[in-house]
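Positions 491 to 605 (our numbering) are the ones given, in order, by the sequence shown. A short write-up of the structure that comes next.
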Amino acid sequence: VQLQAYGGGLVQAGEFLRLSCVASGSRFSIALMRWYRQAPGKPREWVADISSGGDTNYEDAVKGRFTISRDNARNTMDLQMTSLKNEDTAVYYCNVITESSRSYWGQGTLVTVSS
């Protein structure tokens with residue numbers, strides 16, 4: 491499974507950004523899709539996830555501001571980020587867990603929020 495994340499960029503605080511992740515490769519079935527992020531000098535942290543049935547979970551810091559979604563038919567996942575803050579600056583990574591419990595990571599896309 492190959493993952494391609496895109497949509498990052500430079501925005502001002504309070505603005506919005508939409509990240510996308512596309513999964514491709516040989517035949518697979520994705521159970522769970524997740525977004526992680528890693529800010530400069532900090533460990534990678536989980537941001538949000540969505541099951542194949544559409545159940546979602548969010549880190550407390552992004553609740554009410556970020557929305558995760560997925561298209562099972564297209565094997566894509568989005569992260570709509572609103573009211574962005576300086577502390578949201580990070581490299582955002584998509585991660586998927588397949589039905590066979592294998593984990594795959596994308597290469598990351600940089601989000602920079604300026605004040």
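All residues carry an ideal CB built from backbone N, CA and C; glycine is no exception.
Residue of the options minimising C-alpha distance to residue i
{"i": "Ser510", "options": "Met523, Ser519, Gly504", "result": "Met523"}
{"i": "Tyr526", "options": "Gly598, Leu507, Arg592, Tyr583", "result": "Tyr583"}
{"i": "Lys575", "options": "Val603, Ser516, Ala495", "result": "Val603"}
{"i": "Ser559", "options": "Val552, Lys553, Thr546, Ala551", "result": "Thr546"}
{"i": "Ala563", "options": "Glu549, Phe506, Trp536, Ala521", "result": "Ala521"}
{"i": "Gly544", "options": "Pro533, Gln528, Asp561, Gly596", "result": "Asp561"}
{"i": "Ala538", "options": "Ala529, Gln528, Val552", "result": "Val552"}
Whole-angstrom distance between residue j and residue i, CA atom to CA atom
{"i": "Arg555", "j": "Asp578", "result": "11 Å"}
{"i": "Met504", "j": "Met571", "result": "The residue asked about is misnamed: residue 504 is Gly in this sequence, not Met. The alpha-carbon atoms of Gly504 and Met571 are separated by roughly 10 Å."}
{"i": "Tyr594", "j": "Leu493", "result": "7 Å"}
{"i": "Tyr496", "j": "Ile540", "result": "18 Å"}
{"i": "Ser542", "j": "Asp568", "result": "14 Å"}
{"i": "Val501", "j": "Thr557", "result": "18 Å"}
{"i": "Phe506", "j": "Arg592", "result": "32 Å"}
{"i": "Val491", "j": "Glu535", "result": "22 Å"}
{"i": "Gly596", "j": "Tyr548", "result": "19 Å"}
{"i": "Asp550", "j": "Ala529", "result": "16 Å"}
Proximity of residue i and residue j at Cβ, strictly below 7 Å
{"i": "Gly498", "j": "Val601", "result": "yes"}
{"i": "Ser519", "j": "Glu589", "result": "yes"}
{"i": "Val586", "j": "Ala513", "result": "yes"}
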